[in-house]
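Novice:
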Amino acid sequence: MQAAAELTPGAPGAAAAARRAVAGRGLLLVAPALLFVVVLFLVPFLAVARISVAGPAVPGSRTFFDLSVLAPGNLPALAADPLFRSVLGVTLRLGLVTTVVCMAVAVPFAAYVHRARGWWKTVLVAAIILPKLVNLLVLLYGVLLILGNRGFLNQGLQGLGLVDRPLPLFGNLFAVVFTEVLVVLPYPLLVLLAAFSAADARQFDAARSLGAGPVRAYLETVIRPAWPAAGGAALITAVWGFGAFVGPLVLGNPPYYTVAVEVYTRALERLEWVDAAGWALLGVLAFGAVVALPALVVRRRRS
Amino acid sequence: MRLAGRAAWHLLAVAVAAFLLSPLVLSVLVSLYPGRSIGLPTLATGLTPDWYRIVLGDPLYRQGLLSSLAVGVLTAAISVGLGLPLAVAEFRHRWVRPVAALVVLPALVPSVVLGMQSLVAFEMLGLRGTRLGLALAHTLWGLPLAYLVLRAAYRRLDPRLRDAARSLGAGPWRAGWEVTLPLLVPSLVVAALLAFVASINELVMSLFLASGSVRTLPTIIWPQVRHAVRPDVAAASGLLLLLAVAAAGVALAVWRRAARPR
Amino acid sequence: MSDQAVPALAVRSLARRYGAVEALRGVDLEVRAGERFCLLGPSGSGKTTLLRLVAGFEAADAGTVEIAGRRVDRLPPERRGVGVVFQDYALFPHRTVAENVGFGLRMQRMARARRVERVADMLALVRLGDLADRRPDQLSGGQRQRVALARALAPAPALLLLDEPLANLDRRLRESLRAEIVDVHRQVGVTIVLVTHDQEEALSFADRVGVLRDGRLEQVGAPVEVWQRPASRFVAGFLGEMNLLPARPEPGGRAFVDALGASLPVAGESPAGVVVACVRPEALRLERDGVGSGARAGAGVPGVVQHAAYAGGSVTYRVAMDTGLQMLVRAALPDGRPAFAAGAQVAVHSEEVACRLLPS
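Residue numbers (this note's numbering), protein chains in the order written: chain A, 1 to 303; chain B, 1 to 262; chain C, 1 to 360.
Pasting the structure below:
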């Protein structure tokens, strides 16, 4: 009895010590990744933000910006710039159109693949995954071969005598969206396929036994539970649509240049780093706001 | 009516699959076309590996292929090396979740921005124009991929296996080495290959970070795609595809082997 | 078994809470060296938490754990010398049966030759010697359970914890494995703490039983004692079926049970205040209403059979009494056919069965 009385007070301390030891191990496990993301992501991002409000390059110096100057007016000026506004508008519109087209294709196609069986399913899944293994440039190359003025589509149409001159399939919104959908579509497909596969087949059977037709039962037990995943899929699609670079640059011509293209040309071709940093920063912030708003609404409604 | 609906349904699926696969199939076929310009091989023309021979014989392409491989392997190693401990810690401690979210964040940032900021950072760190620098930048994408794969795999593991190992006398690190790690091998391979594929296909960051001596294959192909369309580009792209498919094949084989009842 | 005075396991004031849920609220328990002890309780009663705290998989919020007189609650699981058999076996899927069993020995750095010998001994003990090179997914459920047992026993632990080890097996296999564990226990002599929600398993397996409810130990005792003299309404109800009937204590060690219209002798003490009498269904008898009542002591209380649950050698009737109470009555079936069907008018008779009184 007395022994118990002596031992008990020590126990909470022991528990705390044991938990501290475990937490210490956790810190050890997290430290490398945390260090990586701080040094190679957060700090560089802040550096870009700082460059966006730096002064223009001093002639004769080795850098493309002057950090001794603090010019916070750069950002409002850029935000008011009609070129920036129009490019941002094009970028957001491209992201939106890509997302809508992708989701409109992805939901029924993912449902189809989910219902498919055997070798046919294998082929379909391969069709989703293979383009993701392919370099963007290979895809782009293929698109050029299809849509170009001497591309297969135009050659085919001319060969059949349907058109006299090559159709302008190239250098317009259609070409850009075509490419972006091609690049992005596998992501929502994979996310949705995973979500559909997570559905409990017994629920489908239960819905059938309760009198729902096959289509109705499928909608209720497979598609609807996957709705949050569809939101995630749309987000991924939008992110990629927004970041679009290669497609718009090669297939889009200047009217369809995105923020990414403008950042690239300013930074690497014109060497206007202050301007490029401003474009990058404001573009990311604008896109973050556009994406965060619906995400917040969805979260609020769920809680 | 019903039959027509079903046929339309199948037709739609075939169309989407064809859409997804067509650029890929076309560019592979073109790379095998035995002519000097672009064309589709037919039964009459046959296929030829000439363009691949030309590409592999070209020192510029060869050096790019080598750089791509080295950077890809480095990226895979760093991504898995950072992602595995993070996945383990995330499962055990709630406070790790914000850190994990931070690690995934770069995957949502356009690669142009990542390339630009990495260039600034590497200038400061003295990593500009090195293979390690390229690999670290590619890890901004590779790490989220590897982490997400490993997190899912670690969560699927039965935590009682670790308990069992501990109760049999293994310390925490020993239990990880003896039980957790062997069971995660298939997922580690998949995570590494995803990071590898992401790296060898990455273009935009590499454009910012490449320098004269260190250029990956996509940055060499890029100007040619932009300005001219020649079959040697198709062949170089085909090499990248071959690498990626080989990597995926390895992943699939490892996966099958792990899933097979023994 | 060296010193009967030192308990194999001593737990004092052990407490653990998960957020707002108090899984254990101060448990004191001693398990004697060499005994088979059973922790019995419904799901959520804290029995698995107690086991995890003893094994060291989690840290307690308060209280102490001693194993064979050594305080272990600050030690990690690998230094407690406790063997654990998990409900879902938790065999290492990437290792063979022999490697599984030898795992603990390898952790002890036992020399290879001795290890091989010990593994063979352990596999022989559970009669699996010929399956040494199989992998766990090539074994049946019962074989996996035996491998788990051999693996836990191989490092010669001071204490063996079994967490619902038979729950995933069918009834016949469960019974034969239970007998096998008892045999192994006789040969090895290790102290066993078994956790289960199955009262039949607890009563048939254990030397002593501890009944847990809401994180507290309600009663500890030999199976016969816990069965015959439950310390609370909960224990009485959890260990098999029991009629709990309002009763009034009478002088002379008797109590009048209104529902039975009879005064019954009381076994044990009478608690103060309002009480209920515990009467097992098998202590009661059914007769056709109005038949044979004159000759016997009690006139019987009328009711209607609601349901007759046939269980082979016996039948349990649920009877709705005219007073609104429900009563369970069990009858042995020597001739193999229940005497009453649902809807039969019956009278419930109680002979001079001793009842126990519990606080209401």
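Ideal placement from N, C-alpha and C gives every residue a C-beta, glycine not left out.
1. Cβ of residue 152 of chain C less than 9 Å from any chain B Cβ?
2. Sort out for me which residues DSSP pairs residue 192 of chain C with in a bridge.
3. Should residue 19 of chain C be flagged as near chain B, meaning a C-beta pair shorter than 9 Å?
4. Need the endpoints of the alpha helix (DSSP H) that residue 316 of chain C sits in, please.
5. Output the residue ranges of the alpha helix (DSSP H) runs that lie fully inside the stretch 33-94 of chain C and measure 4 residues or longer, sorted by chain position.
6. Where does residue 104 of chain C land, buried or exposed, given buried means 16+ other C-beta within 10 angstroms?
7. Report the residues of the stretch 98-124 of chain B with a CB closer than 9 Å to any CB of chain A, ordered along the chain.
8. Opposite residue 9 of chain C in the DSSP bridges: which residues?
9. Is the stretch 33-46 of chain A in contact with the stretch 105-122 of chain B, if contact means three or more CB pairs nearer than 8 Å?
10. Where are the beta strand (DSSP E) runs, 3 residues long or more, that stay fully inside the stretch 38-77 of chain A, in chain order?
11. For residue 21 of chain C, write down the residues that DSSP places opposite it in a beta bridge.
12. Can you look up residue 187 of chain B in the DSSP assignment and give me helix, strand or coil?
13. Can you tell me whether residue 270 of chain B is buried or exposed? The criterion is at least 16 other CB atoms within 10 Å of its CB, across all chains shown.
14. Counting only C-beta atoms, is residue 9 of chain B closer than 9 Å to chain A at any point?
15. For residue 111 of chain C, which three-state DSSP category applies?
16. Pull up the CB-CB distance for residue 157 of chain C and residue 116 of chain C, whole angstroms please, since I reckon it's below 8 Å.
17. Quick check on residue 293 of chain C: does DSSP put it in helix, strand or coil?
18. Have a look at A/119, A/159, A/169 and flag the residue whose alpha-carbon is nearest the alpha-carbon of residue 253 of chain A.
19. Say whether chain A places a C-beta atom closer than 9 Å to the C-beta of residue 226 of chain B.
20. State the beta-bridge partners of residue 256 of chain C as determined by DSSP.
21. So residue 38 of chain C and residue 202 of chain C are supposed to be a Cβ contact under 8 Å. How far apart are they, rounded?
22. Cutting at 8 Å between CB atoms, please list the residues of its own chain near residue 152 of chain A, excluding the five before and the five after it.
23. Check whether the stretch 98-111 of chain B and the stretch 64-78 of chain A are in contact - that is, three or more C-beta pairs closer than 8 Å.
24. From what residue to what residue does the beta strand (DSSP E) around residue 278 of chain C run?
25. Since residue 310 of chain C sits in a beta bridge, which residues does DSSP pair it with?
26. At the 9 Å Cβ level, is residue 187 of chain B part of the contact set with chain C, yes or no?
27. Report the neighbours of residue 160 of chain B on chain C: residues whose CB is nearer than 8 Å to its CB, in chain order.
28. Let me see if you follow: with CB-CB separation under 9 Å, is residue 80 of chain C close to chain B or not?
29. With DSSP as the reference, label residue 359 of chain C as helix, strand or coil.
30. What's the call for residue 262 of chain A, buried or exposed, on a 16-neighbour Cβ count within 10 Å?
31. With a cut-off of 9 Å, does the C-beta of residue 46 of chain C fall near any C-beta of chain B?
32. Just checking, does the stretch 5-17 of chain C make contact with the stretch 155-164 of chain A on the three C-beta pairs under 8 Å criterion?
33. For residue 229 of chain A, which of helix, strand or coil comes out of DSSP?
34. Let me know the secondary structure DSSP gives residue 154 of chain A once reduced to three states.
35. Do you know how far the Cα of residue 210 of chain A is from the Cα of residue 279 of chain A?
36. Nearest-angstrom Cα distance between residue 88 of chain B and residue 32 of chain A?
Specialist: Short version:
1. yes
2. C/36, C/160
3. no
4. From DSSP, residue 316 of chain C is part of no alpha helix (DSSP H) but of the beta strand (DSSP E) over 314-321.
5. 47-55
6. buried
7. 99, 100, 102, 103, 105, 106, 107, 108, 109, 110, 111, 112, 113, 114, 115, 116, 117, 118, 119, 120, 121, 122, 123, 124
8. C/31, C/67
9. yes
10. Annotation note: the stretch 38-77 of chain A contains no uninterrupted beta strand (DSSP E) run of length 3 or greater.
11. Bridge partners of residue 21 of chain C: C/18.
12. helix
13. No information on residue 270 of chain B is available, as it lies outside the stretch 1 to 262 that chain B covers here.
14. yes
15. coil
16. Not a contact, Cβ separation roughly 20 Å.
17. Note that residue 293 of chain C scores 47 on pLDDT, short of 50, meaning its location in the model is unreliable; the coordinates nonetheless yield the value given after this. DSSP places residue 293 of chain C in coil when its eight states are reduced to three.
18. A/169
19. yes
20. C/248, C/263
21. 4 Å
22. 145, 146
23. No, because fewer than three Cβ pairs between the stretch 98-111 of chain B and the stretch 64-78 of chain A fall closer than 8 Å, the two stretches do not touch.
24. Residue 278 of chain C -> beta strand (DSSP E) spans 275-279.
25. C/315
26. no
27. 86, 88, 90
28. Closer than 9 Å to the CB of residue 80 of chain C there is at least one CB belonging to chain B.
29. DSSP places residue 359 of chain C in strand when its eight states are reduced to three.
30. buried
31. no
32. no
33. helix
34. helix
35. 57 Å
36. Going by the C-alpha atoms only, they are around 13 Å apart.
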